[in-house]
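Visitor:
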Amino acid sequence: MFEFLDSPEFINAVDSKQATLFINPGLPEVKWQDVLQFVNDYEVKRTGKNLLPSPFAFFHDEAQIIVSVNSFVKEVHARYFPCFKDPKVVTCQLFGSTKLEEGQVIHRHEDRENNLFWQGDGRSRWRLYDSEINEQPFMDVILEKGDLLFVPGGTYHYVEPLTPRFGFAILFGDKK
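Numbering (my numbering), first residue to last: 1 to 176.
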């Protein structure tokens, strides 16, 4: 179903830990109504107040509950961790904002795991850095609806929403 996961470009990016942008690789469409229903149904899990300090922003773990996202997360798990029964080897987080506000950024940080960030809707700017202190990003891209960005574990990155948007961070370790 997700043929681009078999493409030499994708396989090389993951194997060589090379940050790579995949422009609209054919992921299923996720609708705002599905995202907002998930956010409202799982309000008790709203954990991003320190990360996204805004009443219009949201952050949730376990976003693979959204059906169209679940199939992609399961496919990544099956291809990279076929012998692991525990589905938490690959996790999915939902980030987004329904209204743009000043200061609504995700400050520079690194994730230990590899990150496939899927821009579900809207636009966001991603800057990737070689280190915590390096001022010049080695990659500065704008993600559009449907784009996918591979960010290797340990890569510092800064995210700025440019429009109301939502996206999914699919986090996974190296192949076992």
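Just so it is clear, CB atoms sit at the ideal spot from N, CA and C, and this is done for glycine as well.
1) When the Cβ atoms of the stretch 148 to 163 are set against those of the stretch 8 to 18, are three or more pairs found closer than 8 Å?
2) Ignoring anything shorter than 3 residues or poking outside the stretch 101 to 131, list the beta strand (DSSP E) runs there in chain order.
3) Beta strand (DSSP E) containing serine 97: first to last residue?
4) For a test of the three-state rule: what should DSSP assign to phenylalanine 72, helix, strand or coil?
5) Whose C-alpha, out of Asn115, Trp118 and Arg165, is nearest the C-alpha of glycine 96?
6) Let me know the secondary structure DSSP gives phenylalanine 172 once reduced to three states.
7) Quick one: what does DSSP say leucine 36 is sitting in, helix, strand or coil?
8) Helix, strand or coil: which one does DSSP assign to arginine 165?
9) Let's test the definition: count the other Cβ atoms within 10 Å of the Cβ of histidine 157 and tell me whether it reaches 16, buried, or not, exposed.
10) For the alpha helix (DSSP H) that contains valine 14, what are its first and last residues?
11) In the DSSP assignment, find the beta strand (DSSP E) that holds valine 141 and state where it starts and stops.
12) Give the DSSP bridge partners of histidine 77, in chain order.
13) Helix or strand or just coil, what does DSSP make of phenylalanine 4?
14) Assuming glycine 167 and serine 131 make a contact with CB atoms under 8 Å, what is their CB distance in whole Å?
15) Taking the alpha carbon of threonine 163 as the point to measure from, which residue in Val105, Val39, Gln93 and Asp6 has its own alpha carbon closest?
Guide: Per the coordinate set shown:
1) yes
2) 106 to 110, 114 to 121 and 124 to 129
3) As a position in the sequence shown, residue 97 is number 97, starting the count at 1. Unbroken beta strand (DSSP E) run through serine 97: 90 to 97.
4) On the sequence shown, position 72 is the one that residue 72 refers to. Looking at phenylalanine 72 - three-state DSSP - the assignment turns out to be helix.
5) What you label residue 96 is simply residue 96 of the sequence shown in a count that begins at 1. Of the candidates Asn115, Trp118 and Arg165, the one whose C-alpha sits nearest the C-alpha of glycine 96 is Arg165.
6) Position 172 of the sequence shown, counting from 1, holds the residue named residue 172. Phenylalanine 172: strand per DSSP, three-state reduction.
7) Sequence index remark: in the sequence shown, residue 36 carries index 36 (1-based). Of the three classes helix, strand and coil, the one that applies to leucine 36 here is helix, per DSSP.
8) Counted from its first residue, the sequence shown places residue 165 at position 165. Arginine 165 falls in the strand class under three-state DSSP.
9) Along the sequence shown, one-based indexing puts residue 157 at 157. It counts as buried.
10) Translated into the one-based positions of the sequence shown, residue 14 becomes position 14. Element bounds for valine 14: 8 to 16.
11) Counted from its first residue, the sequence shown places residue 141 at position 141. 139 to 143 is the extent of the beta strand (DSSP E) around valine 141.
12) What you label residue 77 is simply residue 77 of the sequence shown in a count that begins at 1. Beta-bridge pairing links histidine 77 to no other residue.
13) Here residue 4 refers to the residue found at position 4 of the sequence shown. Helix, per DSSP.
14) In the sequence shown, the residue the question calls residue 167 occupies position 167. In the sequence shown, the residue the question calls residue 131 occupies position 131. No, glycine 167 and serine 131 are not in contact; Cβ-Cβ is about 24 Å, not under 8 Å.
15) Position 163 of the sequence shown holds residue 163. Cα-wise, what sits closest to threonine 163 is Val105.
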